[in-house]
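One structure is given below, encoded as structure tokens.
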Amino acid sequence: MSSTGDDAVVGGLCAVHVPRTARPVADLPRMTRFPAVQPGQPAIERLAPTSELIGFRGPTACAAAGITYRQLDYWARTGLLEPSVRTAYPATSQRLYSFRDVLLLKIVKRLLDAGVSLQNIRVAVAHLQAAEQADLAGMTLMCDGATVYECTTPQQVVDLLKGGQGVFGIAVGAVWQELELTLGRLHAERTDTGETLVGQDPADELAQRRNRAV
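Here my numbering is used: the first residue of the sequence shown is 36, the next is one more, and so on.
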């Protein structure tokens, strides 16, 4: 039986899913370099992939999250995880995902790989969407293949492991850092101007420098 995620124990685990018998926790866009500098602002103020002014189209979100476009489309159409920046309606528009959206896509993929049901994943996604963005970096999700638990301290993780329940963990902060590096190398779109931002792969820059040195 699933829970709304409202059950919690003071000082204990915050439950994402709680069993009955337990309380677990128009114009072509102008091409530019990415990260981009806003017009009229100093070069030091660059847009990072986590900026609210940055969005990612479906194919980019798929590449970063490690999922297929069919999965992305299905999850959006069924309401599991819709893009928060721009939906596919009207039909002429393309979905545009925020950094946080892509982070959740990546987490959903890992939960599916761990054998968690879509029903419980929906509860987990709703919980993560309601959390403050600043809190995500310190959050760890633990699951036993059926139940998802949120841990915010190392001791909570230890307590869960001692109970023999948690067998799979997702450190959200580590996923965040990995995704930030990945998306910095991929194309993006500015949400205010619609211009395309070209990802900058350090490997490409190194190759260009070597070619110039020859």
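Cβ atoms here follow ideal geometry from the backbone N, Cα and C, with glycine treated the same way.
Following the continuous beta strand (DSSP E) through residue i, name the residue where it begins and the one where it ends.
i	result
Ala149	Where Ala149 is concerned, there is no enclosing beta strand (DSSP E), given that its DSSP letter is neither H nor E.
Leu176	175-178
Could you check what DSSP says for residue i in three-state terms: helix, strand or coil?
i	result
Arg220	coil
Val233	strand
Glu185	strand
Gly90	strand
Leu131	strand
Arg145	helix
If I follow the unbroken alpha helix (DSSP H) through residue i, where does it start and stop?
i	result
Tyr109	104-112
Gly204	Looking at the DSSP string, Gly204 is not in any alpha helix (DSSP H); the run it does join, the beta strand (DSSP E), is 203-206.
Ala169	168-171
Between the beta-carbon of residue i and the beta-carbon of residue j, is there less than 8 Å?
i	j	result
Leu221	Ala99	yes
Thr187	Gly173	yes
Asn155	Val183	yes
Cys97	Leu82	no
Ala149	Gly180	yes
Ile102	Lys144	yes
Phe91	Ala209	no
Gly219	Gly229	no
Relative to the C-alpha of residue i, which residue among the options is closest?
i	options	result
Leu214	Leu107, Leu88, Asp136	Asp136
Gly93	Leu115, Leu140, Gly114, Ser86	Leu140
Gly114	Leu147, Val160, Thr103	Val160
Ala169	Val207, Ser152, Leu195, Thr228	Val207
Leu163	Leu116, Gly219, Ser152, Arg130	Leu116
Ala111	Ser152, Leu195, Arg157	Arg157
Leu171	Gln190, Phe134, Val151	Phe134
Does at least one heavy atom of the ligand FAD sit under 7 Å from the Cβ of residue i?
i	result
Glu230	The ligand content of the structure shown is nil, which means the ligand FAD is not present either.
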